[in-house]
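2 protein chains.
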Amino acid sequence: MTSEDRAPGRPRSREADAAILETALELLIESGATATSIEQVARRAGVTRATVYRRFPDKTRLLIAALEAAYGDPPPIPEIADVEQLVKSWATVVADPRQRRLLRRVYGAIEDLPELAKAYQDLFGKDRDQARRDVFARARDSGHLPAGVDLEVLLDLLTGAIWQHLATRPDTCTPAETEDFLRDVLRQVGYRPRPEEGTAP
Amino acid sequence: MTSEDRAPGRPRSREADAAILETALELLIESGATATSIEQVARRAGVTRATVYRRFPDKTRLLIAALEAAYGDPPPIPEIADVEQLVKSWATVVADPRQRRLLRRVYGAIEDLPELAKAYQDLFGKDRDQARRDVFARARDSGHLPAGVDLEVLLDLLTGAIWQHLATRPDTCTPAETEDFLRDVLRQVGYRPRPEEGTAP
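Chains as they are written, first to last, in the UniProt record's numbering: chain A, 1 to 201; chain B, 1 to 201.
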């Protein structure tokens, strides 16, 4: 067997990979992690169950791989200049109906597939949270946030506000409305877009 | 037919009601709203499907009735003296493993049974949120919260923080740890247990 003998199979294999991962993400958003099965993914992706199982030992690993494929592994860390830019980039994600459904599905999986929620958190959380912490630290140092702000609590509080937005605001909310929501939350913790406005409520 | 003729059936009927509602709540917590079926509820409660359907036209109404039965309809509005007491009563609920699972199941149902999440919000939200708003307004007026605090945003932010706690903290967290978490969040929005400490970070 030379490498030429195997070559023709590789693009097809890559196609099957992509179809399986895209279908898994689709089904996660449509039906949720618990209701999604390897059988369904195989059927809709047009491959056999064996083809899926050869690549992914179980549903959780398949769904984690689907998230990684969609969002990059590791996902590119966005360059965030300041809090305003962070609010804008966050609002773009949170106002996207597909992302909203995916995020709620990830939350909904905490009970039955905790590894999936954990993987999502690791995938997005670790590096991005560090980038966000850095933005907030700079904002604090330049007087846009109070000197005594607790960066960890602030991150929890903003992530929580996003869960609350996903739970209570309509999926038709615009990025601008979502930015306003996030800025309202930030204002409560003493964020001032311009430090000279520091005394205004 | 006199009322005496029907009387013997009524305790049994009430027993069936209670069994159905308790089982529905159990299954909601165990398996989630999507995975729970009227069939399962009937089987585990030891009644026929027809008995369930005679009382509840569909699964969503059954699950809503189960929440109402468990939490009162309308649920008693707790007397909350101040923010400290609110934090304590909130922490008691949020640190209870069964409540944690139920709350995550309610969040997890937003996508497939939005009426259930809505009913839960109405059941707990409306009157309780007003009671909470009153507590925060008094805290603001007595200098425990900043004069410019936005009560609506504060409620969103605290509810969000609870979703974040349910998503990221272990179910073994104690009420005391949960109180600390809530107080940390409140401190970021300028809450001071004693107004004379107002200048400390």
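Backbone N, C-alpha and C fix where the C-beta goes; we use that ideal spot for every residue, glycine too.
B:Arg105: contacting residues in chain A (beta-carbon distance under 7 Å): Glu111
CB of B:Gly32 within 9 Å of CB of B:Ala117, strictly: no
Span separating the alpha-carbon of residue 213 of chain A from that of B:Leu28: Any answer about residue 213 of chain A is impossible in this case: the structure gives chain A only from 1 up to 201.
Residue burial classification, A:Tyr120 (beta-carbon count within 10 angstroms, cutoff 16): buried
Per-residue DSSP class, three states only, for A:Ala200: Because A:Ala200 sits at a pLDDT of 45, beneath the cut-off of 50, its placement in the model cannot be relied upon, and the following sentence gives the value as read from the coordinates. In the structure shown, A:Ala200 sits in coil (DSSP, three-state: anything other than H, G, I, E or B).
Where B:Thr23 sits in the DSSP three-state scheme: helix
With 16 other Cβ atoms within 10 Å as the buried cut-off, status of A:Gln164: buried
Proximity below 9 Å, CB of A:Lys59 to CB of A:Thr36: yes
Simplified DSSP assignment, three categories, for A:Gly108: helix
Cβ neighbour criterion (16 or more within 10 Å) applied to A:Gln188: buried
A:Gly46, buried or exposed, once every other Cβ within 10 Å from all chains shown has been counted against 16: exposed
Selected residue, minimal CA-CA separation from A:Arg105, among B:Thr34, B:Ala81 and B:Thr159: B:Thr34
Other residues of its chain near B:Pro8: CB distance less than 7 Å, five sequence neighbours each side excluded: Note that B:Pro8 scores 47 on pLDDT, short of 50, meaning its location in the model is unreliable; the coordinates nonetheless yield the value given after this. Hits under 7 Å: none found.
The region 142 to 162 of chain A touching the region 178 to 192 of chain A, judged by at least three CB pairs closer than 8 Å: yes
Where A:Gly190 falls, given that 16 or more other Cβ within 10 Å makes a residue buried: buried
Test: B:Asp184 CB closer than 9 Å to a CB of chain A: yes
Partner residues on chain B for A:Arg101, Cβ-Cβ distance less than 8 Å: Glu111
Alpha-carbon to alpha-carbon, B:Ala95 and A:Ile77: 34 Å
Chain A within 9 Å of B:Gly72, Cβ atoms only: no
Boundaries (first-last residue) of the alpha helix (DSSP H) holding B:Glu79: Unbroken run through B:Glu79: none, as it is neither H nor E.
Spatially closest choice to A:Leu155 from A:Leu102, A:Ile38, A:Arg194 and A:Asp129, by CA coordinates: A:Asp129
7 Å CB neighbourhood of B:Glu177 in its chain, flanking five on each side removed: none
Partner residues on chain B for A:Ile164, Cβ-Cβ distance less than 7 Å: Looking at the sequence provided, one finds Gln at residue 164 of chain A rather than Ile. Within 7 Å Cβ-Cβ: Asp156, Thr159, Gly160 and Trp163.
Secondary structure of B:Phe181, DSSP reduced to three states: helix
Interface partners of B:Val153 on chain A, CB under 8 Å: Asp184, Val185, Arg187 and Gln188
Chain-order list of residues whose beta-carbon lies under 7 Å from that of B:Ala65 (same chain, five-residue window excluded): Leu21 and Phe56
Closer than 9 Å to chain B by CB, A:Val41: no
Min CB distance B:Phe136 to chain A below 9 Å: no
Every unbroken alpha helix (DSSP H) inside the region 115 to 150 of chain B [4 residues or more]: 126 to 141
Exposure of A:Val185, with buried meaning 16 or more beta-carbon neighbours within 10 Å: buried
Beta carbon proximity, A:Arg6 to chain B, threshold 9 Å: Residue placement at A:Arg6 is poorly supported in this model, since its pLDDT is 44, which falls under 50; the coordinates still yield a value, given next. Chain B, which has no Cβ nearer than 9 Å to the Cβ of A:Arg6, makes this no.
A:Arg6 burial status per 10 Å Cβ neighbour count (16 or more: buried): Confidence is the limiting factor: at A:Arg6 the pLDDT is only 44, short of 50, which leaves the residue's position unreliable and the question unanswerable from this model.
Contacts around A:Thr2, its chain only, beta-carbon distance under 7 Å, and the 5 residues preceding and following it disregarded: Because the pLDDT of A:Thr2 is 42, which lies under 50, any placement of that residue in the model is unreliable, and the number read from its coordinates should be weighed accordingly. So the list is empty, once near-sequence residues are dropped.
Residues that A:Asp150 contacts on chain B, provided the C-beta gap is smaller than 8 Å: Asp184, Arg187 and Gln188
CB contact below 9 Å: A:Phe181 versus chain B: yes
Contact set for B:Val149: own chain, Cβ-Cβ below 8 Å, skip 5 residues either direction: Phe136, Arg140, Val189 and Gly190
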